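Using the working numbering, you'd call the opening residue of the sequence shown number 585 and step up by one each time. Glycine included, every Cβ here is placed at the ideal spot set by N, Cα and C. In this text, all values refer to a predicted model and were calculated from it rather than measured experimentally. Structure, as structure tokens:
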Amino acid sequence: MAKTVVSIQNLTKSYQTQRALKQINLNIQEGEVFGIIGMSGAGKTTLMRCLTALERPTHGKVRICNEEITTLSGASLRCARKKIGMIFQHFNLFSSRTVLENIVYPIEIEGASREKREARARELLDLVGLTAKERHYPAELSGGEKQRVAIARALINKPAVLLCDEATSSLDPRTTHSILTLLSELNERLGLTILLITHEMEVIKQICTHVAVLEHGEIVEQGGVEDLFAKPKHPTTQRFLQNITHELPKGLKKENSIMLRLSFTKGTAQQPIISRLLRQHAVDVNILLGGIDVLRTETIGNLVVELTGEAKERADAWSFLESQGVLCDELV
Ligand SMILES: Nc1ncnc2c1ncn2[C@@H]1O[C@H](COP(=O)(O)OP(=O)(O)OP(=O)(O)O)[C@@H](O)[C@H]1O
Ligand SMILES: [Mg+2]
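Laid out in structure tokens, this is it:
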């Protein structure tokens, strides 16, 4: 059975007058890339800070590898934090240290010899593709290179989980893509468990296996990425996926028609389902919108269609689509 790396139970965090997190429950298993998506002010950073015990929760528990981090302090907290690697939006590198010196920083006070520490740092530099830059200073690096250094530094203690707080939010789309590709490779090659927070669905799409949607400090929906993309339930999730759900212009819907959003996944994408529907049912189909979402684990096709016909024919057509494995959601 998969090992639970991060377990959050009934986590609530209140500041003087405000509740920043309400009753959060999350479990992250080893090897998952778990995304938490939320708008500004949703509570993402507060959640990250509770995970590393930089903030104490008002209620609830956080366990990292079965150890309750919320009750630790001093040396035992420092030891538990080694299981957590972190990277940030603004990289947080030391400007007066070279790349190599930045990477060895977390293990500098440990017993290992300098040679050993630097050998480990060079392995990581190789892993993140920056071997040629070990003697450079952060000011001499691009944003993407700085984030690679930060990733190498975050991995030096062989953490059980890598937390990424808006790690690509300062990068352009191409560099974002290359950093997310690197994180996917680390997940695949090392089995690294990753928890990332973001306000961008594109990030979730590219690398996550699981996702939770955070709004006003609450998780409004969570699950596997394919399910969430194919059938988003909560209006906030739907808003994040606007490119596929799309709000329909008012007045478009006619008396004898329904609007459906259809999602086609692996099993259904290659079947001529729409032409069978038209042959077997007395409805008309008007395609209003279409698109494809390439997820890390699956490709999902989406169509917004208008079905016109008698009520019974429309209902039968809808049932037919579902019987073929197409996910249908009525847009109203
Ligand atoms: N130290 C604090 N004292 C009081 N209120 C705080 C504190 N830190 C955060 N908050 C409040 O908690 C809520 C959540 O803030 P948080 O920084 O976690 O949001 P976020 O999702 O990370 O937003 P962003 O995307 O803008 O970084 C906000 O309303 C914020 O004002
Ligand atoms: Mg934040």
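In chain order, what residues of the same chain have a beta carbon less than 6 angstroms from the beta carbon of residue 656, not counting five sequence neighbours either side? As a position in the sequence shown, residue 656 is number 72, starting the count at 1. Answer for residue 656: 664, listed in chain order.
Please list, in chain order, all residues of the same chain as residue 685 whose beta carbon is under 8 angstroms from its beta carbon, the five residues on each side excluded. Walking along the sequence shown from the start, residue 685 turns up at place 101. Result list for residue 685: 678, in chain order.
With which residues is residue 843 paired in a DSSP beta bridge? Residue numbering aside, residue 843 sits at position 259 when the sequence shown is read from its first letter. The partner list for residue 843 (beta bridge, DSSP) reads 890, 915.
Does the distance between the C-beta of residue 629 and the nearest non-hydrogen atom of ligand 2 fall short of 7 angstroms? Here the question's residue 629 lines up with position 45 in the sequence shown. True, at least one ligand heavy atom lies under 7 angstroms from that Cβ.
In terms of residue numbering, what span does the beta strand (DSSP E) encompassing residue 663 cover? Counted from its first residue, the sequence shown places residue 663 at position 79. Taken as a continuous stretch (DSSP letters only), residue 663 belongs to no beta strand (DSSP E), being part of the alpha helix (DSSP H) at 658 to 665.
Does any heavy atom of ligand 2 sit closer than 7 angstroms to the C-beta of residue 750? Position 166 of the sequence shown, counted from the start, is the residue given in the question as residue 750. It does: the Cβ of residue 750 is within 7 angstroms (strictly closer) of some heavy atom of ligand 2.
Cβ of residue 592 within 8 angstroms of Cβ of residue 610? Taking the first residue of the sequence shown as 1, we reach residue 592 at position 8. Taking the first residue of the sequence shown as 1, we reach residue 610 at position 26. Yes; because the gap between Cβ atoms is below 8 angstroms, this pair is in contact.
Enumerated in chain order, which unbroken segments of the beta strand (DSSP E) with a length of 3 residues or greater are wholly contained in the region 587 to 672? 588 to 598, 603 to 613, 617 to 622, 643 to 648, 668 to 672
Give me, in chain order, the residues of the same chain whose beta-carbon lies closer than 7 angstroms to that of residue 879; leave out the 5 immediate sequence neighbours on both sides. For the purposes of this step, residue 879 is identified with residue 295 of the sequence shown, where counting begins at 1. Within the same chain, residue 879 has close Cβ partners 789, 809, 810, 813.
Distance between residue 778 and residue 589 (C-alpha atoms, nearest Å): As a first step, residue 589 must be located in the sequence shown, where it is residue number 5. As a first step, residue 778 must be located in the sequence shown, where it is residue number 194. Using only the alpha carbons, I get a separation of about 10 angstroms.
Of the residues 807, 776, 854, 904, the one placed nearest residue 616, counting alpha carbons only: Taking the first residue of the sequence shown as 1, we reach residue 616 at position 32. Checking every option, the nearest Cα to that of residue 616 belongs to 776.
Would you report the Cα separation of residue 773 and residue 637, rounded to the nearest angstrom? Here residue 773 is taken as the residue at index 189 of the sequence shown, counted from 1. Here residue 637 is taken as the residue at index 53 of the sequence shown, counted from 1. Roughly 29 angstroms between the two C-alpha positions.
Relative to the C-alpha of residue 866, which candidate in 815, 733, 894 has its C-alpha closest? Stepping through the sequence shown from its first residue, residue 866 is reached at position 282. Taking only the C-alpha atoms, the option nearest residue 866 is 894.
Between the Cα of residue 624 and those of 915, 861, 797, 646, spot the shortest distance and give me the residue it belongs to. Locating residue 624 in the sequence shown gives position 40, counting from the first residue. Per the Cα distances, 797.
Taking 8 angstroms as the cut-off, does the region 798 to 807 touch the region 844 to 855 (at least 3 CB pairs, one atom from each stretch)? Cβ pair count under 8 angstroms is below three, so no.
Outcome for residue 719 when other beta-carbon atoms lying within 10 angstroms are tallied against a minimum of 16: Reading the sequence shown from its first residue, position 135 is the one you call residue 719. Residue 719 comes out exposed.
Check residue 788 in the structure and name its three-state DSSP category. As a position in the sequence shown, residue 788 is number 204, starting the count at 1. It is helical.
If we call anything under 8 angstroms between Cβ atoms a contact, is residue 842 one with residue 914? Taking the first residue of the sequence shown as position 1, residue 842 is located at position 258. Taking the first residue of the sequence shown as position 1, residue 914 is located at position 330. Taking 8 angstroms as the Cβ cut-off, residue 842 and residue 914 qualify as a contacting pair.
Using 8 angstroms as the cut-off, can you tell me whether the region 664 to 674 makes contact with the region 738 to 751, which would need three or more C-beta pairs spanning the two stretches below that distance? yes
Tell me the rounded alpha-carbon separation between residue 694 and residue 701. Taking the first residue of the sequence shown as 1, we reach residue 694 at position 110. Taking the first residue of the sequence shown as 1, we reach residue 701 at position 117. Cα-Cα distance, rounded: 9 angstroms.
Give the C-beta separation of residue 876 and residue 885 to the nearest angstrom, bearing in mind that I take them to be a contact with Cβ-Cβ under 8 angstroms. On the sequence shown, residue 876 is found 292 positions in, with the first residue counted as 1. On the sequence shown, residue 885 is found 301 positions in, with the first residue counted as 1. Indeed they touch by this definition, with Cβ atoms about 5 angstroms apart.
Tell me where the alpha helix (DSSP H) around residue 811 begins and ends. Position 227 of the sequence shown, counted from the start, is the residue given in the question as residue 811. Start and end: 809 to 814.
Is the closest heavy atom of ligand 1 to the C-beta of residue 783 under 7 angstroms? Reading the sequence shown from its first residue, position 199 is the one you call residue 783. Flag set: Cβ of residue 783 near ligand 1.
In chain order, what residues of the same chain lie with their CB nearer than 7 angstroms to the CB of residue 629, ignoring the 5 residues before and after it? For this step, residue 629 is matched to residue 45 along the sequence shown. Taken in chain order, the residues that qualify are 749.
Determine, using beta carbons only, whether residue 605 and residue 631 come nearer to each other than 8 angstroms. On the sequence shown, residue 605 is found 21 positions in, with the first residue counted as 1. On the sequence shown, residue 631 is found 47 positions in, with the first residue counted as 1. Yes. Within cutoff.
Below 6 angstroms CB to CB, which residues in the same chain sit around residue 815 once its five sequence neighbours on both sides are set aside? As a first step, residue 815 must be located in the sequence shown, where it is residue number 231. Cβ neighbours of residue 815 beyond the five flanking positions: 911.
Tell me which residues share the same chain as residue 715 and place their Cβ nearer than 8 angstroms to its Cβ, disregarding the 5 neighbours each side in the sequence. Here residue 715 refers to the residue found at position 131 of the sequence shown. Leaving aside the five residues that flank residue 715 on each side, the residues in its chain whose CB is nearer than 8 angstroms to its CB run, in chain order, 706, 709.
Less than 8 angstroms between the beta carbons of residue 793 and residue 682, yes or no? As a working mapping, residue 793 is identified with position 209 in the sequence shown. As a working mapping, residue 682 is identified with position 98 in the sequence shown. No. Outside cutoff.
Taking its Cβ as the centre, do 16 or more other Cβ atoms sit within 10 Å of residue 855, making it buried, or is it exposed? Numbered from its first residue, the sequence shown carries residue 855 at position 271. Residue 855 should be labelled exposed.
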